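One structure below.
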Amino acid sequence: MPARLYLDAPLSADAELALPAGAARHVQVLRLQPGEEITLFNGQGGEWRAEIVRMGRQSVEVRVTAHDPVERELPIAVTLVAGMPANDRFDWLIEKATELGAAAIEPVVCERSVLRLSGERAERKREHWQAVAVAAAEQSGRTRVPLIAPVRTLSQAAALAAADADTPNWLLSLAEAVPMARRMAQDLGGGVGRLRVYSGPEGGFSPAEETLVRGIGARAISLGTRVLRSETAPLAVLAALGLTPPSDRAS
């Protein structure tokens, strides 16, 4: 399989372009040579075949040859509103959520959050997480890259969601909740195109935070009798959505 690279740039057949530094370094690490083929994608849909035409010590130039309209995205655009776990576990969550098809990830600071970010440190982290998502999209065959939103408080994220009445909201909860399979049948039939999933940090959302999220119309769902880690629970939702045929969601 040819190397896959994400380019944040317009692509068109017969265009010749120089790869940005990171992509060029990737090609050189793989020891690819002029005449060999790579795959490019820019998040606008599908993939582009390209041929390496020139290589310098630190530069790589390619010619775009043809477009393949392939799509490998979930039929529902899922946004994860995730309480940030500590250490590097949020990197892992973003990587795996990208592989499983998340359309966007909104990092939020909650009452029980260990990781608390703001200002320039939060923006540097967001840029790092966006790079993690790009690498995971390249590896997994995604044709689109999830958008990593700026770090917000849960209340800020909920206020933004309240203005988007067309998108169903799910709350992962250990309190009274409907099993996810039943909620899928109730909420995701009839051509629903988007979904927002709220998942708490270590220790989950506080009672006040659950009340806040329920207050914007979020429906509480249960993932079963076991307690999943903060970085595991939202992935279980994405995996279930990806493995359930569209016809079953509407039944």
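Numbering (our numbering), first residue to last: 252 to 502. We put the beta carbon where it would ideally sit given N, CA and C, even for glycine. No experiment lies behind these values; they were computed from the predicted model shown.
Rounded C-beta distance between Ala333 and Arg445? I'm assuming under 8 Å.
Not a contact, Cβ separation roughly 17 Å.
Helix, strand or coil for Ala317 per DSSP?
strand
In chain order, which continuous runs of the alpha helix (DSSP H) of length 4 or greater are located wholly inside the region 402–447?
405–413 and 431–438
Is the beta carbon of Arg387 less than 8 Å from the beta carbon of Thr349?
Just to set this straight, residue 387 is Ala in the shown sequence, not Arg. The answer is yes: Cβ separation under 8 Å.
Let's see if you can read the secondary structure: which residues bound the beta strand (DSSP E) around Pro336?
From DSSP, Pro336 is part of no beta strand (DSSP E); its letter is neither H nor E.
When DSSP builds the beta bridges, which residues end up paired with Pro358?
Ala333
Find out if the Cβ-Cβ distance for the pair Gly352, Glu312 is shorter than 8 Å.
no
Starting from Phe292, follow its DSSP beta bridges and name the residues at the other end.
Tyr257
Tell me whether the beta-carbon of Ala412 lies closer than 8 Å to the beta-carbon of Val359.
no
As an exercise, report each continuous beta strand (DSSP E) stretch of at least 3 residues that is fully enclosed by the region 372–401, in chain order.
none
Own chain residues within Cβ distance below 6 Å of Ala266, not counting five before or after:
Val315
Have a look at the DSSP bridge pairing and note the partners of Ser450.
Ala333
Between which two residues does the alpha helix (DSSP H) harbouring Glu298 extend?
Looking at the DSSP string, Glu298 is not in any alpha helix (DSSP H); the run it does join, the beta strand (DSSP E), is Glu298 to Met306.
Supposed contact pair Glu461 and Ser424 - C-beta distance, whole angstroms, cut 8 Å:
6 Å
Specify the secondary structure class of Glu350 as computed by DSSP and reduced to three states.
helix
Do Gly493 and Asn420 come within 8 Å of each other at the CB atom, strictly closer than that value?
no
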